[in-house]
Structure formats: C-alpha cells, structure tokens
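Protein chains in written order, with this note's numbering: chain H, 77 to 191; chain B, 8 to 122.
Beta carbons: idealized from backbone N, C-alpha and C, even for Gly.
Every value quoted in this text rests on a predicted model; they were computed, and no experiment measured them.
What follows is a single structure, written as structure tokens, with notes after it.
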C-alpha cells in the first residue's frame, strides 16, 4: 500500500507570495493532519480534516488555511508569506476509526523556503 | 495543559547496546495515547510504537519497547541492540482522547549510534 505523498517536496517563494501544498493520504485513510516543523518552535499542529471538515485547528494565524476533498486528499495554503514561514510542512493521515490505537502516518514533507 | 517533555537533547550509544530515551507527559484527560516517532535526516516521521493510557502492559514492537509508568507520567522508549541505522531524531508525542488526531510533540532527542 502506498504511503502518504506530498507535493512538491521543495519550494522556494518570496515574501508576500502565497503557496499551496498538497497531500494524498494512504488509501482508506479518512483523516489528514498538517504540522509545521521549525528549528525554533519544533513540531506544531496546524489543522486536521475529517470528511471534508476541519475537526481541529492549531494556534496559527488566518493566513494558514486548508481543505480536504471528497477523496480525502488535502491541500494547505499559506497566503502573504513571511520569512518565518520557512519550515518543513508535514502531512499525516489516519483511519480515524475512533480506536485508541489509531495511528498517524506521515509523508516525506514539503520544505518551504521563503526569501 | 497538555505537554510532552524530552530532557535529553542528544544521546550517544554504541552499536549493539541498549539505550533509553526519556519522555514525560502532562495531561488531565484519562484517555490518551502516547507515540514515538523516528525522524531520519531525510525528514519523514516514521511511527515506531504506541501506548494507550488504559493498556495494562508495556508496548513492544521488535527492538522497540516502551517503559510506561502511568503514575509518574513517563513513557520512555527503549531501543535494544542499537544499529547504525538507528541514528536519527526521536520524538515522543501525545494525543488526548480518541476523536482527534492532534498530536503534541516533545522537542526530540538526537540519537547517535557509533561503531
């Protein structure tokens, strides 16, 4: 079974631009979550989508948004990029079956550099 | 407030030896799950092991075992028979409840295995 895929793997943008990152979950997984990883702040939860609805949101400004499609694929968008948005963005998917052992599996990440 | 603490920024271990990576957590929710992930330099987060708050026995997955001490709120990862390929960052994470995928991560421990 194919793992979580993320595109693109690397991205370079300039301040003020916007960016869209894509995530395809493992087949059969219904939940997709996004995390930002930076050397200073570590791994931080951005948001979580289940059945095309945002189920949970982290403490990030409104410039960060996301959505999930009917096939569970997800995109996240960052508008008006700032230098501090440079990070590794990780996507994770899970079955979301409510079982205690439900586990998130991560993709390889998209490394965003803002110049 | 929910929190994960990893107090070891870096650890060294000789090949074939065992090593323990520390993790303490704080939560007021009686239902939670604890996860360990490995992150090689490539960036992808690899799931290693899960421990549920109601699990009576410590979790084991191959060379990985979890020393779960609920009263002390600790969930230490034990890697037996270390291999050079175990060199990576290791993150402890917690999920509160079963209807969310939101993970709170610790700051990680960098493990280096030497011959």
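The Cβ atoms of residue 73/B and residue 84/B sit closer than 8 Å to each other. For residue 151/H, the enclosing beta strand (DSSP E) stretches over residues 150 to 154.
Taken through DSSP and simplified to helix, strand or coil, residue 41/B comes out as strand.
If you draw a straight line from the Cα of residue 190/H to the Cα of residue 158/H, it comes to about 7 Å.
Under the three-state reduction of DSSP, residue 188/H is assigned to strand.
Close to chain H, meaning a Cβ-Cβ distance shorter than 9 Å, are the following residues of the region 70 to 104 of chain B: 98, 100, 102. Separation of residue 104/H and residue 90/H (C-alpha to C-alpha, rounded to the nearest whole angstrom) is 36 Å. For residue 181/H, the neighbours in chain B by C-beta distance under 7 Å run, in chain order, 54.
For residue 49/B, the C-beta contacts it makes with chain H under 8 Å involve 184, in order along the chain.
The beta carbon of residue 41/B does not come within 8 Å of any beta carbon belonging to chain H, so the residue lies off that interface.
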